[in-house]
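Peer 1: Quick one: the structure is below, questions incoming.
There are 2 protein chains.
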Amino acid sequence: MARTQGSHSDITGPRVRAAALQLFAQHGYAAVSMRQIAREVGVQAGALYNYTPDKQSLLFDLMQTHMTELLAAREDLQDSGSPTEALENFTRLHLRFHSERPDEVFIAYMELRNLTPENFAVIEELRRKYEDALETILRAGVEKGDFEVSDPKIATMAVIAMLTGVNTWFREGGRLSLAEVEQIYWDMVRKSVGA
Amino acid sequence: MARTQGSHSDITGPRVRAAALQLFAQHGYAAVSMRQIAREVGVQAGALYNYTPDKQSLLFDLMQTHMTELLAAREDLQDSGSPTEALENFTRLHLRFHSERPDEVFIAYMELRNLTPENFAVIEELRRKYEDALETILRAGVEKGDFEVSDPKIATMAVIAMLTGVNTWFREGGRLSLAEVEQIYWDMVRKSVGA
DNA sequence: GTTTTAAACGAACGCATGTTCAGATAACGG
DNA sequence: CCGTTATCTGAACATGCGTTCGTTTAAAAC
């Protein structure tokens with residue numbers, strides 16, 4: 611029973627990625643089989659190969675798309691203001707972007723070791739670019755005398771770790787709204803760099 | 611060829627756990643087979659079942675041991691001093707303990723979803739106890755007027771995330787010594803809670 | 001109304017998985 | 001020196017894996 615209604619490729623393709631995203635995030639790449647993904651989509655396993663050359667590419671595409679979108683969102687920020695304003699923009703963007711995409715974030719941080727070396731290098735490069743953006747802001751603030759940071763490299767890692775940690779507990783509809791969470795984290799980030 | 615020298619159970623047992631620890635951390639629980647662990651130990655797969663009832667127990671034991679040791683180390687700290695001193699002790703202990711056990715920490719954070727529901731509940735309870743310790747310190751500091759923290763629960767999560775992030779980049783023998791890293795992170799933690 | 005083609009089926013491939021267990025081996029206690 | 005026992009082997013089990021491919025279906029094109 612193929613094609614029970616209309617052309618499917620532009621519907622099934624996104625559904626395959628959505629199912630892979632959800633299942634990889636929930637159980638982990640290695641623990642999810644192509645047959646599970648197919649069952650979620652409502653299709654036989656063989657049909658998945660109309661949409662991905664293999665399982666590895668499915669993972670890589672999800673991660674690359676996520677990192678590319680993150681970088682694009684970051685570049686949309688015009689850091690014309692002061693370092694403090696730039697840092698606030700970065701902080702709020704990071705929190706908003708990450709809290710909107712818990713599954714993508716989870717995969718991007720947990721499944722790096724399941725990438726082939728070539729694919730890993732690509733993702734790492736994207737991640738490095740993102741970290742560089744924050745480090746640049748911190749260095750500008752230090753140079754201008756606005757921030758008090760002894761080691762910008764470490765401060766970058768510390769701030770990103772702190773912000774990304776929001777995904778371990780924040781759920782929309784919980785005790786606090788995203789706006790409140792943004793404010794609390796921004797207060798902590800600001801103080802931690804002495805701004 | 612069994613027992614080529616002396617009794618092995620008290621040697622092989624720890625070696626099984628060590629191999630599992632290293633392999634789970636490197637490739638992930640789901641991606642590591644019992645035969646890989648056995649090969650690392652230098653034994654056939656069947657022999658592993660003299661030391662663990664199954665693969666799941668191997669993972670659970672590693673995580674439970676780690677969390678129990680962490681809590682024990684935490685309880686060895688006498689927080690007789692001020693909240694600020696208690697927070698500094700907590701910060702330095704966390705950094706030291708975690709940087710000494712990168713594999714255990716990695717597993718404890720990444721493999722939660724591969725625990726059975728019963729085992730997961732046990733580990734989560736241990737983690738909650740550890741987080742409670744920090745939250746108690748923060749609340750004491752707020753009450754005494756030493757800290758400036760709007761939401762102790764969130765501040766707890768933020769600080770722990772920031773500190774645990776040290777494991778994503780810190781390697782002994784790198785640019786900075788552990789003592790230097792401790793100082794930098796303590797500065798940032800102290801400032802972030804307004805102490 | 002016929003032909004083309006996108007899309008999915010469903011069986012098959014070789015191989016790996018966690019776990020069990022009867023049998024072999026070698027150090028130990030007597 | 002012999003019998004016991006802790007320890008490990010090695011084969012087997014059912015099941016599942018990622019991937020391939022000839023075949024079937026039904027919508028689209030003409």
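Read top to bottom, the protein sequences are chains F and P.
Our numbering applies: residue 611 is where the first sequence begins, and numbers increase by one.
Our numbering applies: residue 611 is where the second sequence begins, and numbers increase by one.
We treat Cβ as the ideally placed atom computed from N, Cα and C, and that holds for glycine.
(1) Expressed to the nearest angstrom, what Euclidean distance is found between the alpha-carbon atoms of residue 674(F) and residue 739(F)?
(2) I'd like to know whether the C-beta of residue 720(F) is nearer than 8 Å to at least one C-beta of chain P.
(3) How big is the Cα-Cα spacing for residue 766(F) and residue 744(F)?
(4) Within a Cβ cutoff of 6 Å, which residues of the same chain sit near residue 694(P), ignoring the five residues on either side of it in sequence?
(5) Applying the criterion that 16 or more other CB atoms from any shown protein chain within 10 Å of the CB defines a buried residue, is residue 824(F) buried or exposed?
(6) In chain P, which residues lie less than 9 Å from residue 874(F) when you measure between Cβ atoms?
(7) If you check the beta carbons only, do residue 631(P) and residue 710(P) fall under 8 Å apart?
(8) Between the stretch 695-708 of chain F and the stretch 773-785 of chain F, do at least 3 Cβ pairs fall closer than 8 Å?
(9) Does any residue of chain P have a CB that is nearer than 8 Å to the CB of residue 666(F)?
(10) Along chain F, in chain order, which residues have C-beta atoms closer than 9 Å to that of residue 638(P)?
(11) How many angstroms separate the CA atom of residue 708(F) from the CA atom of residue 793(P)?
(12) If you follow the alpha helix (DSSP H) that residue 709(P) is part of, which residue opens it and which one closes it?
(13) Please identify the residue among 749(P), 678(P), 785(P) whose C-alpha is closest to the C-alpha of residue 692(P).
(14) Can you check which of these residues, 626(F), 682(F), 736(F), is closest to residue 663(F) by C-alpha distance?
(15) To the nearest angstrom, how far is it from the Cα of residue 696(P) to the Cα of residue 751(P)?
(16) If you drop the 5 nearest sequence neighbours on each side, which residues of the same chain put their C-beta closer than 7 Å to that of residue 658(F)?
(17) Under three-state DSSP, which class holds residue 612(P)?
(18) With 16 as the cutoff for other CB atoms within 10 Å, does residue 760(P) come out buried or exposed?
(19) Using a C-beta cutoff of 8 Å, does residue 768(F) count as contacting chain P?
(20) Where does residue 781(F) sit, in a helix, a strand or coil, going by DSSP?
(21) Under a three-way DSSP split, which group does residue 805(F) fall into?
(22) Cβ of residue 717(F) within 8 Å of Cβ of residue 634(F)?
(23) So, does the CB of residue 802(F) fall closer than 8 Å to a CB anywhere in chain P?
(24) Have a look at residue 672(F) and residue 783(F) and give me their C-alpha separation to the nearest angstrom.
(25) With a 10 Å radius around its C-beta and 16 neighbouring C-beta atoms as the bar for buried, classify residue 621(P) as buried or exposed.
(26) How is residue 665(F) classed by DSSP in three states: helix, strand or coil?
(27) Going by the beta-carbon positions, is the gap between residue 724(P) and residue 638(F) smaller than 8 Å?
(28) Starting from the C-beta of residue 762(P), find all residues in its chain whose C-beta is less than 7 Å away, skip the five residues before and the five after it, and write them out in chain order.
(29) Would you say residue 620(P) faces chain F, with C-beta separation under 8 Å as the test?
(30) What is the C-beta distance between residue 758(F) and residue 803(F), in whole angstroms, given that I count them as a contact (C-beta under 8 Å)?
(31) Along the chain, where does the alpha helix (DSSP H) that runs through residue 726(F) open and close?
(32) Among 665(P), 799(P), 686(P), whose alpha-carbon lies nearest the alpha-carbon of residue 640(P)?
(33) How would you write the range of the alpha helix (DSSP H) that residue 564(P) sits in, first residue to last?
(34) Consider the Cβ of residue 772(P): report whether some Cβ of chain F lies at a distance smaller than 8 Å.
Peer 2: Walking through what the data contain:
(1) 13 Å
(2) yes
(3) 6 Å
(4) 756, 805
(5) Since the first and last residues shown for chain F are 611 and 805, residue 824(F) lies out of range.
(6) The shown model of chain F, from 611 to 805, leaves out residue 874(F), and the question about it has no answer.
(7) no
(8) yes
(9) no
(10) 638, 639, 640, 641, 720, 721, 723, 724
(11) 29 Å
(12) 693-710
(13) 749(P)
(14) 626(F)
(15) 9 Å
(16) 626, 644, 647, 648
(17) Any answer about residue 612(P) is weak, because its pLDDT of 45 lies below 50 and its placement is not dependable; what the coordinates show is given next. Coil, per DSSP.
(18) exposed
(19) yes
(20) coil
(21) coil
(22) yes
(23) yes
(24) 26 Å
(25) exposed
(26) helix
(27) yes
(28) 745, 748, 749, 752
(29) no
(30) 7 Å
(31) Per DSSP, residue 726(F) belongs to no alpha helix (DSSP H) and is neither H nor E.
(32) 665(P)
(33) Residue numbering for chain P in the displayed model covers 611 to 805; residue 564(P) lies beyond these limits and cannot be assessed.
(34) yes
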